[in-house]
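Trainee:
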Amino acid sequence: MSKPHENQPPKTKTSHAAFGDATGDGARDERQRVGEDAIALPAHVAGSGTLDRLVDTARDYAKAAAAVNTTKAYAADWKQFARWCRLKGVEPLPPSPEMIGLYLTDLATPASPAPALSVSTIERRLSGLAWNYTQRGFTLDCKNRHIATVLAGIKRKHARPPVQKEAILADDILAMVATLPHDLRGLRDRAILLLGYAGGLRRSEIVSLDVHKGDMLDSGGWIDVEEKGVLLTLNAKSGWRDVEISRGTSERTCPVHALEQWLHFAKIDFGPIFVRTSRDGTRALEARLSDKHVARLIKQTVLDGGIRSDLPEKERLALFSGHSLRAGLASAAEVDERYVQKHLGHASAEMTRRYQRRRDRFRVNLTKAAGL
1 MSKPHENQPP
11 KTKTSHAAFG
21 DATGDGARDE
31 RQRVGEDAIA
41 LPAHVAGSGT
51 LDRLVDTARD
61 YAKAAAAVNT
71 TKAYAADWKQ
81 FARWCRLKGV
91 EPLPPSPEMI
101 GLYLTDLATP
111 ASPAPALSVS
121 TIERRLSGLA
131 WNYTQRGFTL
141 DCKNRHIATV
151 LAGIKRKHAR
161 PPVQKEAILA
171 DDILAMVATL
181 PHDLRGLRDR
191 AILLLGYAGG
201 LRRSEIVSLD
211 VHKGDMLDSG
221 GWIDVEEKGV
231 LLTLNAKSGW
241 RDVEISRGTS
251 ERTCPVHALE
261 QWLHFAKIDF
271 GPIFVRTSRD
281 GTRALEARLS
291 DKHVARLIKQ
301 TVLDGGIRSD
311 LPEKERLALF
321 SGHSLRAGLA
331 SAAEVDERYV
341 QKHLGHASAE
351 MTRRYQRRRD
361 RFRVNLTKAA
371 GL
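Numbering (this note's numbering), first residue to last: 1 to 372.
1) Spatial neighbours of S96 within its chain, please: CB distance less than 8 Å, with the 5 preceding and 5 following residues excluded, ordered by chain position.
2) Can at least three beta-carbon pairs, one atom from the region 294–307 and one from the region 167–185, be found at a separation below 8 Å?
3) Could you give the DSSP three-state label for S246: helix, strand or coil?
4) Using CA coordinates, which residue listed in T249, V275, L41 is at the minimum distance from L51?
5) What residue from S278, I100, S290, L129 has the CA that sits closest to T71's CA?
6) Using a beta-carbon distance below 8 Å, is G306 in contact with chain B?
7) Where does P230 sit, in a helix, a strand or coil, going by DSSP?
8) Does the count of Cβ pairs from the region 207–226 and the region 310–322 closer than 8 Å reach three?
9) Would you mind sorting A332 into buried or exposed? The rule is 16 or more other CB atoms within 10 Å of its CB.
10) Hey, A329 and A198: beta-carbon distance below 8 Å or not?
11) Below 8 Å, how does it come out for the region 131–149 and the region 97–112: are there three or more Cβ pairs, yes or no?
12) Where do the ends of the beta strand (DSSP E) carrying E166 lie?
13) With respect to the beta strand (DSSP E) encompassing G221, which residues constitute its N-terminal and C-terminal limits?
14) Excluding five sequence neighbours on each side, which residues of the same chain lie with their C-beta closer than 7 Å to the C-beta of R276?
15) Using the C-alpha atoms, what's the distance from L140 back to F270?
16) Quick check: what's the CA-CA separation for D210 versus S324?
17) Mapping the DSSP letters down to three states, classify T253 as helix, strand or coil.
18) In whole angstroms, what separates the C-alpha of L344 from that of G200?
19) Spatial neighbours of I122 within its chain, please: C-beta separation below 7 Å, excluding the five flanking residues on both sides.
20) Which residues mark the beginning and the end of the alpha helix (DSSP H) in which R288 is found?
21) From which residue to which residue does the beta strand (DSSP E) around T109 run?
22) Whose C-beta lies closer than 7 Å to the C-beta of D189 among residues of the same chain, with five residues either side of it excluded?
23) For the alpha helix (DSSP H) containing T179, name the first residue and the last one.
24) With the cut-off set at 8 Å, would you say L303 and K165 are in Cβ contact?
25) How far does the beta strand (DSSP E) with T277 in it extend, from its first residue to its last?
26) Pick helix, strand or coil for G305, following the three-state DSSP scheme.
See the structure below:
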């Protein structure tokens with residue numbers, strides 16, 4: 001039977017005991033603690049085998065409600081806020097709009113040597129706090145004047161244009177894959193770059209692919225290799241979607257051929273497509289690659305391929321990331337915009353245009369159209 005305190009909002013003085021001070025030594029993972037405490041039987045209901053099983057299943061669903069990286073970020077947001085509250089001598093629970101307004105102010109103009117956070121990061125921190133309060137049985141009203149007015153002022157005073165990553169274009173990707181060796185690791189990384197570029201894929205989508213549907217519990221999709229190309233079925237941010245990647249003009253640049261070569265020589269016919277290799281690059285292992293590998297691979301091949309060699313190395317590394325593949329496809333594909341939008345899985349054409357770094361500039365001359 002569940003304990004009475006498990007389904008009741010914790011009192012202020014017991015907030016750290018009930019949900020854990022995320023900054024304390026030996027505390028369990030904050031995400032796991034919140035997931036376990038948020039789902040429980042009502043205090044007046046007796047437990048049973050069937051109900052306990054449903055509680056466990058509901059907790060699993062609750063943990064899967066947001067992406068792993070999102071819940072990690074939200075857990076970090078709560079740690080930061082709990083630490084700030086402790087230093088100010090206040091409790092984080094229950095939520096106080098006045099204190100959160102002061103917290104946002106401190107993030108924008110810190111008195112300590114710590115750098116001020118960007119407006120987008122501050123907004124993300126606020127979203128993280130709202131999520132954490134909801135998991136703890138509270139409601140944070142982000143439209144409260146103590147929060148909304150302060151945030152509006154921060155935006156007005158400190159907002160800057162968004163910093164976009166550089167797009168990797170066709171010549172760039174060819175130069176990058178040309179730097180890779182021809183061992184097993186090189187075959188894998190070549191397939192990652194070409195498939196990610198041609199599919200306009202996020203780095204998390206690339207490494208989450210399995211050979212077949214239902215191969216692994218942590219799968220984010222699977223592939224079907226056909227005569228004309230490969231069909232990816234992805235569990236993306238906006239839900240399930242299909243991505244068609246056709247064969248290229250030559251085997252040297254074809255993403256489908258690169259994928260087939262990797263699967264054949266790595267002898268992969270089940271489970272994750274992109275896995276780690278042995279240190280000597282001759283054997284494929286079972287462990288799925290982390291999405292961080294894709295980011296590191298892009299940065300390293302950008303350097304090795306001489307992309308934007310007019311800039312210092314530090315600036316070149318800062319310009320490119322996993323999203324550079326997605327932006328590259330959107331910028332380089334000379335087809336009707338609606339096809340690019342569908343391929344990237346965007347809900348609106350406006351979102352697709354944010355990824356197009358060069359394509360639409362000065363295409364329509366409204367100056368002449370206005371008679372000047």
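In this text, a Cβ means the ideal position worked out from N, Cα and C, and glycines have one as well.
Mentor: Working from what's here:
1) Numbered from 1 along the sequence shown, position 96 holds the residue referred to as residue 96. Cβ within range, chain order: V90.
2) yes
3) The count along the sequence shown starts at 1 and reaches residue 246 at position 246. In this structure, S246 counts as strand in the three-state DSSP scheme.
4) Taking the sequence shown and counting its residues from 1, the one referred to as residue 51 is at position 51. Ranking T249, V275, L41 by Cα distance to L51 puts L41 first.
5) Residue 71 sits at position 71 when you count from the first residue of the sequence shown. Checking every option, the nearest Cα to that of T71 belongs to L129.
6) The chain labelled as chain B is not found in the depicted structure, where only one protein chain is given.
7) As a position in the sequence shown, residue 230 is number 230, starting the count at 1. Looking at the sequence provided, one finds Val at residue 230 rather than Pro. V230 falls in the strand class under three-state DSSP.
8) no
9) In the sequence shown, the residue the question calls residue 332 occupies position 332. Buried.
10) As a position in the sequence shown, residue 329 is number 329, starting the count at 1. As a position in the sequence shown, residue 198 is number 198, starting the count at 1. Position check: residue 329 holds Leu in this sequence, whereas Ala was assumed. Yes, they are a contact pair.
11) Contact between the region 131–149 and the region 97–112 is present, because at least three Cβ pairs lie under 8 Å.
12) In the sequence shown, counting from the first residue as 1, residue 166 sits at position 166. Per DSSP, E166 belongs to no beta strand (DSSP E) and is neither H nor E.
13) For the purposes of this step, residue 221 is identified with residue 221 of the sequence shown, where counting begins at 1. G221 -> beta strand (DSSP E) spans 221–225.
14) For the purposes of this step, residue 276 is taken as residue 276 along the sequence shown, with counting starting at 1. Result list for R276: L285, A287, L289, in chain order.
15) The sequence position of residue 270 within the sequence shown is 270, counting from 1. The sequence position of residue 140 within the sequence shown is 140, counting from 1. Between F270 and L140, the C-alpha separation is close to 45 Å.
16) As a first step, residue 210 must be located in the sequence shown, where it is residue number 210. As a first step, residue 324 must be located in the sequence shown, where it is residue number 324. Rounded to whole angstroms, D210 to S324 spans 23 Å at the Cα level.
17) Looking up residue 253 in the sequence shown gives position 253. Collapsing the DSSP output to three states places T253 in coil.
18) Looking up residue 344 in the sequence shown gives position 344. Looking up residue 200 in the sequence shown gives position 200. The straight-line gap separating the alpha-carbon atoms of L344 and G200 is approximately 6 Å.
19) Within the sequence shown, the letter at position 122 stands for residue 122. Same-chain partners within the cutoff: L104, L107, A108, I154.
20) For the purposes of this step, residue 288 is taken as residue 288 along the sequence shown, with counting starting at 1. Here R288 belongs to no alpha helix (DSSP H); instead the beta strand (DSSP E) covers 284–288.
21) The residue you call residue 109 lines up with position 109 of the sequence shown. Where T109 is concerned, there is no enclosing beta strand (DSSP E), given that its DSSP letter is neither H nor E.
22) Residue 189 sits at position 189 when you count from the first residue of the sequence shown. These residues qualify, in order along the chain: L180, L297.
23) The residue labelled residue 179 in the question sits at position 179 within the sequence shown. Unbroken run through T179: none, as it is neither H nor E.
24) Here residue 303 refers to the residue found at position 303 of the sequence shown. Here residue 165 refers to the residue found at position 165 of the sequence shown. The answer is no: Cβ separation not under 8 Å.
25) In the sequence shown, residue 277 corresponds to position 277, counting from 1. Taken as a continuous stretch (DSSP letters only), the beta strand (DSSP E) holding T277 covers 275–277.
26) Translated into positions along the sequence shown, residue 305 becomes position 305. Reduced to three states, the DSSP call for G305 is coil.
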